[in-house]
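Trainee: Note that the protein sequences, when read in sequence, are chains A and B. Its first residue numbered 195, the first sequence is counted upward by one per residue in this note's numbering. Its first residue numbered 278, the second sequence is counted upward by one per residue in this note's numbering. Glycine residues also receive a C-beta, built at the ideal position from the N, C-alpha and C atoms. Since we're looking at a predicted model, the values are computed, not measured.
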Amino acid sequence: MSASKGALTVAEGHPAFITDADIIFNNGRDKKDFVLRTTRDDIGIWKTKHGVSMSPFKTSNGGAQKWVARIDKDYWVFGIDATKADDIFAAVKIGMNCYDARASDLIKDVYVKNLNIENESKIDRTLLVKENKKLYEDVCKAILQAAKLLGVQGQLNFFVFSNNKNPKLPKDELHTALVSGGADSVETDSHPYKFDVGSNDGRRVFKDLISHLHLATLKV
Amino acid sequence: MDTNTIWLIDHKATLGDFSPMNLDGSTWILGVCILTAASTEESAISKFKDFLKNEDMELIEIYDLREYVSDDFNDDSSRSAQIKNAVRTVLEDGETCYVYARTSETMESGGVQ
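1. Excluding the 5 residues preceding and the 5 following T373 of chain B in the sequence, name in chain order all residues of the same chain whose CB lies nearer than 6 Å to its CB.
2. Could you confirm whether any beta carbon from chain D is found closer than 8 Å to the beta carbon of I404 of chain A?
3. Is it the case that the Cβ atoms of E338 of chain B and H288 of chain B are separated by a distance below 8 Å?
4. Apart from the five residues just before and just after N291 of chain A, which ones in its own chain have a Cβ nearer than 8 Å to its Cβ?
5. Between the Cα of Q339 of chain A and those of A:A263, A:H408, A:I282, A:P364, spot the shortest distance and give me the residue it belongs to.
6. According to DSSP, what are the bridge partners of R398 of chain A?
7. DSSP on Q259 of chain A, reduced to helix/strand/coil?
8. Check each candidate in A:P386, A:K328, A:H406, A:S298 and name the one with the smallest Cα separation from I311 of chain A.
9. Just the C-alpha distance for D332 of chain A and Y377 of chain B, rounded to the nearest angstrom, thanks.
10. Nearest CA to the CA of N220 of chain A: which residue from A:K307, A:A297, A:H408, A:T320?
11. Which residues share a DSSP beta bridge with I306 of chain B?
12. In terms of alpha-carbon separation, which member of A:D383, A:K226, A:K401 lies closest to I301 of chain A?
13. Between the Cα of T291 of chain B and those of B:T383, B:S323, B:I360, B:W305, spot the shortest distance and give me the residue it belongs to.
14. Would you mind telling me which residues of chain A sit closer than 7 Å to A378 of chain B, beta carbon to beta carbon, in chain order?
15. Starting from G302 of chain B, find everything on chain A with Cβ-Cβ shorter than 9 Å and list it in chain order.
16. Taking only runs that begin and end inside the region 350–374 of chain B, name each unbroken alpha helix (DSSP H) of 4 or more residues, in chain order.
17. Using beta-carbon positions only, say whether C334 of chain A and F352 of chain A come within less than 8 Å of one another.
18. Counting only C-beta atoms, is E314 of chain A closer than 8 Å to chain B at any point?
19. Determine the closest residue to V380 of chain A out of A:T320, A:V391, A:F389, A:A410, with distance taken between C-alpha atoms.
20. Would the beta-carbon of A297 of chain A fall within 8 Å of that of G345 of chain A?
21. Taking the alpha-carbon positions, what's the S355 of chain B to A321 of chain B distance?
22. State the Cα-Cα distance for the pair M350 of chain B and S381 of chain B, rounded to the nearest angstrom.
23. Please indicate yes or no: does the CB of K287 of chain A lie closer than 7 Å to some heavy atom of the ligand PLP?
24. Tell me the rounded alpha-carbon separation between M195 of chain A and A279 of chain A.
25. 8 Å is my cut-off, CB to CB: does M334 of chain B come that close to chain A?
26. What does T317 of chain B touch in chain A if you count any residue whose Cβ is under 7 Å from its own?
27. Quick one: does N308 of chain A have its CB under 8 Å from some CB of chain B?
28. Tell me whether F251 of chain A is buried or exposed, calling it buried when 16 or more other Cβ atoms sit within 10 Å of its Cβ.
29. Would C374 of chain B count as contacting chain A if we go by Cβ distances under 8 Å?
30. What number of angstroms, rounded off, separates the C-alpha of V346 of chain B from the C-alpha of Q359 of chain B?
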């Protein structure tokens with residue numbers, strides 16, 4: 195499948211609100227042949243939150259064992275902490291098996307939508323921006339490290355959907371975090387996007403929430 | 278206390294910067310809150326206001342307050358689908374859900390498409 199093109203998504207929630215991994219800048223589309231979707235939640239918690247029926251299996255491919263399921267047309271890997279290079283490594287290795295793909299086909303385009311720290315209501319407000327910055331910084335570092343472990347070289351694209359005015363991570367703070375995480379450059383698409391969005395806990399659903407697309411370019 | 282009634286509260290509320298519902302810097306929000314309470318409207322409104330307070334939100338106006346009747350949501354709109362899905366979740370564990378949320382940023386940019 196050397197001519198194929200894939201992508202990796204992190205921190206997915208309900209399948210009804212998956213991250214659109216075909217979007218590129220200027221409202222363009224770059225259709226992916228396959229998308230490996232990952233959730234932060236372990237499979238048990240995720241099933242409880244979202245009540246999706248599926249037939250999961252446990253597997254590994256040179257990394258840690260993870261639960262995997264096919265949902266609609268995509269493979270999903272559960273319990274992937276995107277701040278940990280080992281978890282991203284394990285997911286990509288599994289995805290290579292699932293899709294008969296190369297590591298670079300998956301990790302060269304990484305997407306995330308509205309990533310934010312868990313249990314935010316329990317965290318001091320003054321620390322929210324700082325904690326979210328650290329989260330993005332750590333994810334950048336983990337993607338870079340995972341790419342190295344996978345033997346992938348060259349440019350990686352980390353696409354982030356986040357509203358420029360998100361009070362818990364305004365645009366400038368997001369960009370600072372991505373650069374701190376190792377991004378060579380960060381750009382923001384001038385075209386705003388609208389998505390239906392589900393919260394981490396699956397209890398809140400937004401209609402047509404405005405989001406902006408940021409691209410952090412990482413070099414391995 | 279009887280908490281077996283499922284209530285739907287269609288409303289407008291303010292949205293604080295640090296509300297878990299605030300992902301876009303909005304100042305207000307429209308939404309449908311789905312919760313279990315006793316069978317009186319007062320019980321439902323009381324629980325709803327507690328929910329809003331915890332979310333750094335404040336009630337501006339209730340547009341509609343009603344007990345859930347499944348026949349009311351048989352159309353194929355995303356609003357009905359979100360409400361039915363939330364009712365299923367609320368019935369399972371009794372935790373409050375909030376759906377069809379439309380923020381001031383969404384509404385002021387041309388609204389729901």
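Mentor: A quick look at the data gives this:
1. L312, F328
2. Judged by its chain identifiers, the structure shown contains no chain D, and its protein chains are A and B.
3. yes
4. T253, N255
5. A:I282
6. B:Y375
7. coil
8. A:K328
9. 32 Å
10. A:H408
11. B:A290, B:T380
12. A:K226
13. B:W305
14. R398, V399, F400, K401
15. N357, N358, K359, N360, P361, P364
16. 355–370
17. yes
18. yes
19. A:A410
20. yes
21. 24 Å
22. The displayed chain sequence assigns Phe, not Met, to residue 350 of chain B. Rounded to the nearest angstrom, the two C-alpha atoms are 25 Å apart.
23. The ligand PLP is not among the ligands present in this structure, which contains no ligands whatsoever.
24. In this prediction, M195 of chain A scores a pLDDT of 44, lower than 50, which makes its location untrustworthy; the coordinate-derived value is nonetheless stated afterwards. Each residue's alpha carbon lies about 25 Å from the other.
25. no
26. Correct list: empty, because the minimum Cβ distance to chain A is about 24 Å.
27. yes
28. exposed
29. yes
30. 14 Å
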